[in-house]
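Per the UniProt record's numbering, the very first residue in the sequence shown carries number 1; after that it's consecutive. Just so you know, even glycine gets a beta-carbon here, dropped at the ideal spot from N, CA and C.
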Amino acid sequence: MDQLTGFQRDLLYVIAGKDRPSGQEILDDINHYIDQPVTHGRLYPNLDTLVDKELVEKGQLDRRTNYYALTPKGQRVLQRRQEWVDQYVDV
1 MDQLTGFQRD
11 LLYVIAGKDR
21 PSGQEILDDI
31 NHYIDQPVTH
41 GRLYPNLDTL
51 VDKELVEKGQ
61 LDRRTNYYAL
71 TPKGQRVLQR
81 RQEWVDQYVD
91 V
């Protein structure tokens, strides 16, 4: 997790909070959170990085739409991160 950018970590949280979201669903959610609009040109290379790191699985919903889901490794990494954050932040 320490090798990821903050944006990539945010993407993991969005993916974890949805059931196999499409790239467009992820983009919509992340744009509600981030002040500057995120473009497709920023989103998809970062999603590909998460896939390459085996934290996210990419599959096809149909011929035009991919879905993204956390892998077991991605779930473990995100859970460890959340446990670490919980040590320091009590909201």
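Check residue i in the structure and name its three-state DSSP category.
i: L70; result: strand
i: V77; result: helix
i: E54; result: coil
i: G6; result: helix
Go ahead and label residue i buried or exposed: buried means 16 or more other beta carbons lie within 10 angstroms of its beta carbon, across all protein chains shown.
i: P21; result: buried
i: Y67; result: buried
i: L61; result: exposed
i: I15; result: buried
i: G59; result: exposed
i: G17; result: exposed
May I ask you to check if the CB of residue i is nearer than 7 Å to at least one heavy atom of the ligand ATP?
i: N46; result: Within the structure as shown, the ligand ATP is missing, as the structure has no ligands at all.
Quick check: what's the CA-CA separation for residue i versus residue j?
i: N46; j: L12; result: 10 Å
i: Q8; j: D90; result: 23 Å
i: G41; j: D86; result: 33 Å
i: Y33; j: Q3; result: 22 Å
i: V56; j: T71; result: 5 Å
i: Q36; j: E54; result: 28 Å
i: D52; j: T5; result: 14 Å
i: R80; j: K73; result: 11 Å
i: N31; j: Y44; result: 14 Å
i: D10; j: Y88; result: 18 Å
On the DSSP bridge assignment, give the partners of residue i in chain order.
i: G59; result: Y67
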